[in-house]
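*Asks:* Under UniProt numbering, the residue at position 23 of the sequence shown is numbered 23, and the numbers go up by one with no gaps.
Each residue gets a CB set at the ideal place from its N, CA and C atoms; glycine is no exception.
Remember, it's a predicted structure, so these values are computed and weren't measured experimentally.
Provided herewith is a single structure, encoded as structure tokens, for subsequent inquiry.
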Amino acid sequence: MLLSELAEKELIEMENGVRYGFLAETECIFDAKTGKITGFEMPPQMVKMPFQKKKPGMVKYIPWEEIILIGEDRVLFQKTTSTLKHANDE
């Protein structure tokens, strides 16, 4: 499967059924030495969790290991983790 085909798929968290948008709206994180995808980082504006206070600089990260199913239209994953976004990481 091509990365461009993955980009068209919608992200859905299985734990609580939250729809996060499309994979194309994320940053693909990979190991530069091996080329292996380690996960996907979602920008803060993409994460819209009701009744939760937003923390400045916080982004959600989907580790590759949390992806359960890549279907025809959707990517189902178990859960996200929170990471701090550092300006000098880019």
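Going by DSSP, what residue range makes up the beta strand (DSSP E) through GLU13?
*Replies:* The residue labelled residue 13 in the question sits at position 13 within the sequence shown. Here the beta strand (DSSP E) through GLU13 covers 10-13.
*Asks:* To the nearest angstrom, how far is the alpha carbon of ILE67 from that of THR80?
*Replies:* What you label residue 67 is simply residue 67 of the sequence shown in a count that begins at 1. What you label residue 80 is simply residue 80 of the sequence shown in a count that begins at 1. Distance between the alpha carbons of ILE67 and THR80 is about 10 Å.
*Asks:* Mind checking whether GLY39 and PRO63 have CB atoms under 8 Å apart?
*Replies:* Locating residue 39 in the sequence shown gives position 39, counting from the first residue. Locating residue 63 in the sequence shown gives position 63, counting from the first residue. Cβ atoms of GLY39 and PRO63: closer than 8 Å.
*Asks:* Have a look at VAL18 and GLU27 and give me their C-alpha separation to the nearest angstrom.
*Replies:* Translated into positions along the sequence shown, residue 18 becomes position 18. Translated into positions along the sequence shown, residue 27 becomes position 27. Cα-Cα distance, rounded: 19 Å.
*Asks:* Excluding the 5 residues preceding and the 5 following ALA87 in the sequence, name in chain order all residues of the same chain whose CB lies nearer than 7 Å to its CB.
*Replies:* Within the sequence shown, residue 87 is the residue found at index 87, counting from 1. Below a pLDDT of 50, predicted positions are generally treated as unreliable, and ALA87, at 37, falls in that range; no measurement from the model is reported.
*Asks:* Which value, in whole angstroms, describes the spacing of the CA atoms of LEU23 and LEU11?
*Replies:* Locating residue 23 in the sequence shown gives position 23, counting from the first residue. Locating residue 11 in the sequence shown gives position 11, counting from the first residue. LEU23 and LEU11: Cα-Cα distance of roughly 6 Å.
*Asks:* Taking only three categories from DSSP, how would you classify PRO44?
*Replies:* On the sequence shown, position 44 is the one that residue 44 refers to. Note: PRO44 maps to helix in three-state DSSP.
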